[in-house]
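Residue numbers (the UniProt record's numbering): 1 to 580. We put the beta carbon where it would ideally sit given N, CA and C, even for glycine. The structure displayed is predicted, hence computed values, not measured ones. Heads up: the structure comes next, in structure tokens.
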Amino acid sequence: MRLLKFGENGEIHLVGPLLSVDDLKYAILSHTWGKEEEEVSFQEMRDGTGDTKQGYLKIKGCMEQAKKDGLDYSWVDTCCIDKSSSAELQEAINSMFKWYSSAERCYAYLSDASRDADDQSFRNSKWFTRGWTLQELLAPKTVEFFDSKWNRIGSKSDAALEAAISEITRVPTPAIRGANLSAYGVQDRIDWLSGRKTSREEDQAYCLFGLLGVFLPVIYGEGKDHAMKRLKREAGQRNTAGAGSAGDKTLAWRFGPESLLHSDGISGSAPCFVECEEDLIVMWRARENPLPPFLDVWLPFEDHKLWWTTLRRADRGEVLRDPPKWVHQNVESQERPAIAAMQDQLVAAWKGVDNSALYFSTLRPSNGADQWAPPLPIPHAASSTGPSLASLDSELRGSKVVYALWKGCDNNKLYLSTYDGNSWRLPTELRFANTDVNSTLVAYEGKIVVSWKQSGSENLYWMFLAADGSPLMEPHEIGREGTSRLGPTLAVVDGTLCAAWKGMGDPADVRVSTWRRGNNGFGFAQTVHNSWTRRAPTLASWGDTLVLAWRGDDREKTMWWMNGELRVPTDTAERLGWDC
Numbered sequence: 001m002r003l004l005k006f007g008e009n010g011e012i013h014l015v016g017p018l019l020s021v022d023d024l025k026y027a028i029l030s031h032t033w034g035k036e037e038e039e040v041s042f043q044e045m046r047d048g049t050g051d052t053k054q055g056y057l058k059i060k061g062c063m064e065q066a067k068k069d070g071l072d073y074s075w076v077d078t079c080c081i082d083k084s085s086s087a088e089l090q091e092a093i094n095s096m097f098k099w100y101s102s103a104e105r106c107y108a109y110l111s112d113a114s115r116d117a118d119d120q121s122f123r124n125s126k127w128f129t130r131g132w133t134l135q136e137l138l139a140p141k142t143v144e145f146f147d148s149k150w151n152r153i154g155s156k157s158d159a160a161l162e163a164a165i166s167e168i169t170r171v172p173t174p175a176i177r178g179a180n181l182s183a184y185g186v187q188d189r190i191d192w193l194s195g196r197k198t199s200r201e202e203d204q205a206y207c208l209f210g211l212l213g214v215f216l217p218v219i220y221g222e223g224k225d226h227a228m229k230r231l232k233r234e235a236g237q238r239n240t241a242g243a244g245s246a247g248d249k250t251l252a253w254r255f256g257p258e259s260l261l262h263s264d265g266i267s268g269s270a271p272c273f274v275e276c277e278e279d280l281i282v283m284w285r286a287r288e289n290p291l292p293p294f295l296d297v298w299l300p301f302e303d304h305k306l307w308w309t310t311l312r313r314a315d316r317g318e319v320l321r322d323p324p325k326w327v328h329q330n331v332e333s334q335e336r337p338a339i340a341a342m343q344d345q346l347v348a349a350w351k352g353v354d355n356s357a358l359y360f361s362t363l364r365p366s367n368g369a370d371q372w373a374p375p376l377p378i379p380h381a382a383s384s385t386g387p388s389l390a391s392l393d394s395e396l397r398g399s400k401v402v403y404a405l406w407k408g409c410d411n412n413k414l415y416l417s418t419y420d421g422n423s424w425r426l427p428t429e430l431r432f433a434n435t436d437v438n439s440t441l442v443a444y445e446g447k448i449v450v451s452w453k454q455s456g457s458e459n460l461y462w463m464f465l466a467a468d469g470s471p472l473m474e475p476h477e478i479g480r481e482g483t484s485r486l487g488p489t490l491a492v493v494d495g496t497l498c499a500a501w502k503g504m505g506d507p508a509d510v511r512v513s514t515w516r517r518g519n520n521g522f523g524f525a526q527t528v529h530n531s532w533t534r535r536a537p538t539l540a541s542w543g544d545t546l547v548l549a550w551r552g553d554d555r556e557k558t559m560w561w562m563n564g565e566l567r568v569p570t571d572t573a574e575r576l577g578w579d580c
């Protein structure tokens with residue numbers, strides 16, 4: 001995100017791009033575009049060549065009003081987005097609702113209205129007929145209306161103005177006041193757009209992204225009908241939101257904590273999991289015999305070896321464990337490994353012991369094999385923390401593709417690559433994301449979600465990526481409670497995106513939060529009691545349940561795990577997560 005600021009001599013200049021503006025208070029302009037040649041573009045604002053254009057006056061008016069309100073920064077869409085960059089435009093469209101909702105003040109500039117005229121001047125303003133101004137009305141905490149001469153008309157919270165706005169827009173007054181939009185059905189929110197116009201037909205769908213809480217690729221040229229079809233499919237039109245709906249589900253743990261693994265040689269990090277048919281594959285790093293205490297089997301000491309086993313559900317709900325095995329006699333790592341499933345094979349990846357190179361191996365359990373293939377290096381991949389893996393159905397190939405995410409070796413940048421079962425794609429850098437610890441990713445409804453702890457801070461971020469790896473939005477924080485000195489972990493169960501992380505203490509309990517489409521952010525973070533740890537936890541899905549695992553406090557020699565499900569809470573205690 002870029003912002004505008006006055007210089008020492010009163011000139012306007014751009015600031016950014018900024019990874020986060022959470023600590024900055026800024027004003028944001030809502031307006032209708034004039035002729036395109038009259039508006040100040042990003043390039044013109046950057047080069048200082050747009051001050052003679054008609055559109056410069058409203059930019060300056062916005063900034064002068066912001067200054068009166070004690071705000072140093074402003075945002076205007078005409079000049080703060082580089083529209084020559086399709087990637088930046090896509091991020092901006094998917095982030096617009098957040099930018100407006102995070103603004104300290106929103107100024108709605110009605111260029112065709114006059115405060116001194118009768119009420120019809122306000123009612124007839126073209127501002128109420130444009131598609132993009134709908135979310136600009138509903139997203140901000142406060143919207144102040146100004147006429148063509150920057151005379152204040154009033155605020156959307158003024159009783160008289162609120163009633164008029166509701167009548168003009170056909171939007172219920174609670175929504176105008178800031179009620180949770182998920183209380184209204186998907187089709188209801190789409191209907192609010194009725195009668196509004198956009199310059200490009202696809203924007204009839206794109207301007208609803210924020211109102212429906214979805215993140216999608218922007219494909220100009222696809223046409224309005226196709227864009228709207230994608231939007232409705234993503235928003236889940238058949239499952240309208242409301243009280244008691246799936247959006248209100250909370251985590252309830254079926255059992256736990258229970259011992260998953262016990263050994264003097266258990267590694268400092270939690271294991272990784274992947275669902276394989278009806279079973280759950282577990283992989284971890286250990287320095288000695290990694291067997292559960294009830295298995296009377298001894299294995300010789302092997303430093304930094306990677307082990308794996310299979311968990312199976314028995315008829316009565318018990319979990320059966322196969323005896324652990326080495327991944328390969330030549331496989332060692334000092335970091336947590338990663339594992340994913342694609343077609344008929346499993347893919348594991350890890351960081352080497354004596355170098356920063358990343359390696360991978362494959363296994364085909366469908367063929368009855370239990371021996372992993374000899375390890376191979378992932379081309380052009382090096383990391384100081386190790387990778388994370390996730391698999392996603394590829395529309396292009398008609399099969400699954402494995403995505404790998406890792407932190408660089410000599411820098412804090414994040415890199416992404418894909419494996420199609422035969423070869424790895426050259427890594428690409430993930431824009432706007434950097435970390436000094438581990439990161440994670442997961443597939444969610446045809447897209448990739450990545451999450452990380454921001455380098456130099458304790459804030460946790462997440463963002464959507466398209467299947468080609470391009471960002472669909474700017475990074476979002478995982479709520480106010482999403483802070484940790486270690487990276488988060490992600491999983492998807494029952495259409496819900498789940499995030500977990502170690503709390504701020506050392507040691508501390510694990511925190512878990514969830515997000516569903518239609519929500520504008522992660523919800524209240526539940527504390528998982530008795531999950532005391534100094535390390536990052538791990539999440540995974542197993543059928544319709546969520547698996548959470550963590551390494552006990554350093555004085556323990558145990559990996560703990562819990563198995564939970566999402567359900568509609570029946571009382572206040574469950575809504576607050578007290579059942580954990």
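### Message
Let's test the definition: count the other Cβ atoms within 10 Å of the Cβ of arginine 105 and tell me whether it reaches 16, buried, or not, exposed.
### Response
Taking the first residue of the sequence shown as position 1, residue 105 is located at position 105. That one is buried.
### Task
Grab the span of the beta strand (DSSP E) containing glycine 154 for me, first residue to last.
Taking the first residue of the sequence shown as position 1, residue 154 is located at position 154. That run of the beta strand (DSSP E) goes 152 to 155.
### Query
Would the beta-carbon of isoleucine 168 fall within 8 Å of that of arginine 123?
On the sequence shown, residue 168 is found 168 positions in, with the first residue counted as 1. On the sequence shown, residue 123 is found 123 positions in, with the first residue counted as 1. Contact: yes.
### Task
Tell me glutamine 526's beta-bridge partners as DSSP assigns them.
What you label residue 526 is simply residue 526 of the sequence shown in a count that begins at 1. Beta-bridge pairing links glutamine 526 to Val512.
### Message
Going by beta-carbon coordinates alone, are serine 74 and tyrosine 109 separated by less than 8 Å?
### Response
Start at 1 with the first residue of the sequence shown, and residue 74 comes out as number 74. Start at 1 with the first residue of the sequence shown, and residue 109 comes out as number 109. Contact flag unset, no.
### Message
Measuring only the C-alpha atoms, how far is proline 257 from glutamate 275?
### Response
For this step, residue 257 is matched to residue 257 along the sequence shown. For this step, residue 275 is matched to residue 275 along the sequence shown. Spanning the two alpha carbons is a distance of roughly 20 Å.
### Task
Pull up the CB-CB distance for tryptophan 284 and threonine 198, whole angstroms please, since I reckon it's below 8 Å.
Counting from one through the sequence shown, the residue named residue 284 turns up at place 284. Counting from one through the sequence shown, the residue named residue 198 turns up at place 198. Not a contact, Cβ separation roughly 52 Å.
#### Entry: Beta-carbon proximity list for histidine 226, same chain, < 7 Å, skipping 5 on both sides
For the purposes of this step, residue 226 is taken as the residue at position 226 of the sequence shown. Same-chain partners within the cutoff: there are none.
### Query
Buried or exposed: where does glycine 247 fall if 16 or more other Cβ atoms within 10 Å of its Cβ makes it buried?
Position 247 of the sequence shown, counted from the start, is the residue given in the question as residue 247. Unreliable positioning characterises glycine 247 in this predicted model, as indicated by a pLDDT of 48, which lies under 50. A coordinate reading is not provided.
### Task
Decide if the region 318 to 327 is in contact with the region 338 to 345; the criterion is three or more beta carbon pairs, one per stretch, under 8 Å apart.
no
### Query
In its own chain, which residues sit with a C-beta less than 7 Å from the C-beta of tyrosine 444, not counting the 5 before and 5 after it?
Start at 1 with the first residue of the sequence shown, and residue 444 comes out as number 444. Answer for tyrosine 444: Val492 and Leu497, listed in chain order.
### Task
Assuming glutamate 481 and alanine 252 form a contact by the criterion Cβ under 8 Å, report the distance between their Cβ atoms to the nearest whole angstrom.
In the sequence shown, the residue the question calls residue 481 occupies position 481. In the sequence shown, the residue the question calls residue 252 occupies position 252. About 20 Å separates the two Cβ atoms, so there is no contact after all.
#### Entry: Inter-residue spacing [alpha-carbon to alpha-carbon] between tryptophan 424 and alanine 348
Along the sequence shown, one-based indexing puts residue 424 at 424. Along the sequence shown, one-based indexing puts residue 348 at 348. Approximately 13 Å, taken between the alpha carbons.
### Query
Can you list, in chain order, the residues of its chain whose CB lies under 6 Å from that of phenylalanine 128, leaving out five sequence neighbours each side?
Numbered from 1 along the sequence shown, position 128 holds the residue referred to as residue 128. Taken in chain order, the residues that qualify are Ile168.
### Residue of Leu363, Lys58, Leu416 and Arg364 minimising C-alpha distance to serine 388
Position 388 of the sequence shown, counted from the start, is the residue given in the question as residue 388. Considering only alpha carbons, the answer is Leu416.
### Message
Using 8 Å for Cβ pairs, my map puts glutamine 345 next to leucine 358. What's the rounded Cβ distance?
### Response
In the sequence shown, counting from the first residue as 1, residue 345 sits at position 345. In the sequence shown, counting from the first residue as 1, residue 358 sits at position 358. Wrong, their Cβ atoms sit about 18 Å apart, outside the cutoff.
### Query
Below 8 Å, can you find three or more Cβ-Cβ pairs linking the region 182 to 197 to the region 54 to 73?
no
### Message
For glutamate 222 and threonine 514, I'd like the C-alpha separation in whole angstroms.
### Response
For the purposes of this step, residue 222 is taken as residue 222 along the sequence shown, with counting starting at 1. For the purposes of this step, residue 514 is taken as residue 514 along the sequence shown, with counting starting at 1. Going by the C-alpha atoms only, they are around 32 Å apart.
### Message
I'd like the list of long-range same chain contacts for threonine 570, defined as Cβ closer than 8 Å, with 5 residues on each side in sequence excluded.
### Response
On the sequence shown, position 570 is the one that residue 570 refers to. Caution is warranted here: a pLDDT of 43 is assigned to threonine 570, below 50, making its placement in the model unreliable, and the coordinate value is therefore given only provisionally. Cβ neighbours of threonine 570 within its own chain (closer than 8 Å, five residues either side excluded): none.
### Query
Expressed to the nearest angstrom, what Euclidean distance is found between the alpha-carbon atoms of isoleucine 378 and alanine 179?
Translated into the one-based positions of the sequence shown, residue 378 becomes position 378. Translated into the one-based positions of the sequence shown, residue 179 becomes position 179. If you take the alpha carbons of isoleucine 378 and alanine 179, they lie about 49 Å apart.
### Query
Straight-line CA distance for serine 125 to aspartate 112?
Working through the sequence shown from its first residue, we reach residue 125 at position 125. Working through the sequence shown from its first residue, we reach residue 112 at position 112. Spanning the two alpha carbons is a distance of roughly 6 Å.
### Query
What does cysteine 409 pair with, by DSSP beta-bridge criteria?
For this step, residue 409 is matched to residue 409 along the sequence shown. Beta-bridge pairing links cysteine 409 to no other residue.
### Three-way DSSP call (helix, strand, coil) for threonine 496 in this model
Here residue 496 refers to the residue found at position 496 of the sequence shown. Strand.
### Message
Under 8 Å: do the region 406 to 415 and the region 493 to 512 share three or more Cβ pairs, one atom per stretch?
### Response
no
### Message
Taking CB distances under 8 Å as the criterion, tell me whether proline 387 reaches chain D.
### Response
Among the chains in the structure shown there is no chain D, since it carries only a single protein chain.
### Query
Does DSSP put histidine 226 in a helix, a strand or coil?
Looking up residue 226 in the sequence shown gives position 226. In the structure shown, histidine 226 sits in a helix (DSSP, three-state: H, G or I).
### Query
Three or more C-beta pairs closer than 8 Å, one from the region 94 to 105 and one from the region 134 to 153: is that the case here?
yes
#### Entry: Which of helix, strand or coil DSSP assigns to valine 347
Looking up residue 347 in the sequence shown gives position 347. The answer is strand: DSSP assigns valine 347 an E or B state.
### Query
Do leucine 4 and leucine 18 have their CB atoms nearer than 8 Å?
Residue numbering aside, residue 4 sits at position 4 when the sequence shown is read from its first letter. Residue numbering aside, residue 18 sits at position 18 when the sequence shown is read from its first letter. No, the pair does not count as a contact, with Cβ atoms beyond the cut-off.
### Message
Starting from tyrosine 206, trace the alpha helix (DSSP H) in both directions and tell me its first and last residue.
### Response
In the sequence shown, residue 206 corresponds to position 206, counting from 1. First-last of the alpha helix (DSSP H) with tyrosine 206: 203 to 206.
### Identity of the residue in Arg535, Gly523 and Phe522 nearest glycine 505 by Cα
For the purposes of this step, residue 505 is taken as residue 505 along the sequence shown, with counting starting at 1. Among Arg535, Gly523 and Phe522, the Cα nearest to that of glycine 505 belongs to Arg535.
### Span of the alpha helix (DSSP H), counted from its first residue to its last, around arginine 177
Within the sequence shown, the letter at position 177 stands for residue 177. Segment 173 to 177, the alpha helix (DSSP H) holding arginine 177.
### Query
Taking the alpha-carbon positions, what's the leucine 291 to tryptophan 532 distance?
As a working mapping, residue 291 is identified with position 291 in the sequence shown. As a working mapping, residue 532 is identified with position 532 in the sequence shown. Unreliable positioning characterises leucine 291 in this predicted model, as indicated by a pLDDT of 49, which lies under 50. The coordinate reading is nonetheless provided below. Distance between the alpha carbons of leucine 291 and tryptophan 532: 22 Å.
### Message
Spatial neighbours of aspartate 147 within its chain, please: C-beta separation below 7 Å, excluding the five flanking residues on both sides.
### Response
Here residue 147 refers to the residue found at position 147 when the sequence shown is read from its first residue. Cβ within range, chain order: Leu110, Ala113, Ser114, Arg115 and Ile153.
### Message
What does the alpha-carbon distance come out to for the pair isoleucine 281 and glycine 408?
### Response
Indexing the sequence shown from 1 puts residue 281 at position 281. Indexing the sequence shown from 1 puts residue 408 at position 408. Computed Cα separation, rounded: 27 Å.
#### Entry: Reduced DSSP secondary structure (H/G/I, E/B, other) of tryptophan 127
Taking the sequence shown and counting its residues from 1, one reaches residue 127 at position 127. Note: tryptophan 127 maps to helix in three-state DSSP.
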